[in-house]
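First residue of the sequence shown? That's 0 in numbering that gives the first Met the number 0, and the numbers climb one at a time after it.
In this text, a Cβ means the ideal position worked out from N, Cα and C, and glycines have one as well.
Keep in mind that this is a model prediction, so the values were computed, not measured.
Some notes on the structure that comes next.
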Amino acid sequence: MYIRFLLISCLVGLTSFFCNAQSQNVLKMDLVSVFQKGVLVSYERILNDSRSVELAVGYTSKRDLFSKIQVATITPQYKFYVSDWESAPNGFYFAPSLTYGYGRAEESLLSLWSTSVSVHLIGPGLNLGYQKLIKDKIALEASLGPVYYSALATASSDYSAIGISPQSIKLDGFSGFALQLNLNVGIGF
C-alpha cells in the first residue's frame with residue numbers, strides 16, 4: 000500500500016515540475032495491475048514522430064491463509080504509431096513485445112508439509128492501443144493484445160515432518176495464449 004501511494008505521489012509531483020517542456024518521455028502506471036494487487040510501471044522514450052520504445056516492470060504478491068504467490072516481470076516493447084494526424088506519443092499504435100517473468104508460489108500447512116513452485120516464463124506478444132497526452136503532460140493509454148507464454152516450472156515438496164524426504168520435480172508444458180489489457184495513466188516530460 001505504501002509503495003502504491005509513493006508512486007502516485009511521485010507521478011503527481013513530477014507533473015507540476017515538468018510544465019513547459021515538450022514531452023519526449025512518458026512515465027506511466029497501469030491501473031489494471033493496481034486492482035490485481037500489483038504494480039506495473041512503464042517508461043516510454045519517443046524516438047521520432049512515429050516510433051518509441053517502452054520498458055515496463057511489474058510486481059505482484061498475493062497471500063492467503065496457506066499460500067503465497069510472488070511474480071516479477073519485465074517487458075520491453077517497440078511502438079509503431081500509425082495515426083497520420085498525430086505524432087508519437089499520441090495516437091493509435093501497435094507494439095510487438097517480449098515479456099520475461101519469474102514467479103514463486105508456496106503452500107504450507109503448519110509444519111506438516113510445504114510445496115514450492117518456481118516459474119520462469121517468456122512470452123512474445125503484440126499490443127494494439129491508443130495513447131493521448133493532454134496538454135503534453137497527462138498521459139492516458141489503453142491497450143489490448145495477445146501474448147503467448149512459454150514457461151519452465153520447478154516444484155519441490157517437503158514432507159519431512161511426516162517422514163517423507165524432500166523432492167524436486169521438473170514441470171514442463173506451462174504455456175499458452177493469454178489476453179493482456181492495460182489501462183495506464185502517467186505524465187509526459
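Here DSSP, grouped into helix, strand and coil, assigns Ser32 to helix. C-alpha of Ser60 to C-alpha of Arg50: approximately 33 Å in a straight line. By the 16-neighbour rule on beta-carbons within 10 angstroms, Val81 is exposed. Secondary structure at Asn47: coil, using DSSP grouped into helix, strand and coil. The Cβ atoms of Gly122 and Thr153 do not sit closer than 8 Å to each other. Taken in chain order, the unbroken stretches of beta strand (DSSP E) that lie wholly in the region 94-165 and span 3 residues or more are 112-133, 137-158.
Boundaries of the beta strand (DSSP E) harbouring Phe79: 66-80, taken from the DSSP string. Contact between the region 102-109 and the region 139-147 is absent: fewer than three C-beta pairs spanning the two stretches fall below 8 Å. Rounded to the nearest whole angstrom, the CA to CA distance from Ser22 to Val52 is 14 Å. Taken through DSSP and simplified to helix, strand or coil, Phe91 comes out as strand.
Arg103 and Val70 have their alpha carbons spaced roughly 6 Å apart. Across the set Lys67, Gly57, Leu120, Leu132, the C-alpha of Gly57 shows the shortest separation from the C-alpha of Ser32.
Glu85 and Gly187 have their C-alpha atoms spaced approximately 16 Å apart. Take the alpha-carbon of Leu132 and the one of Lys67: they are about 38 Å apart. Taken atom to atom, the span from the alpha-carbon of Pro88 to that of Ile45 is near 7 Å.
In this structure, the CA atom of Phe91 is about 48 Å from the CA atom of Ser113.
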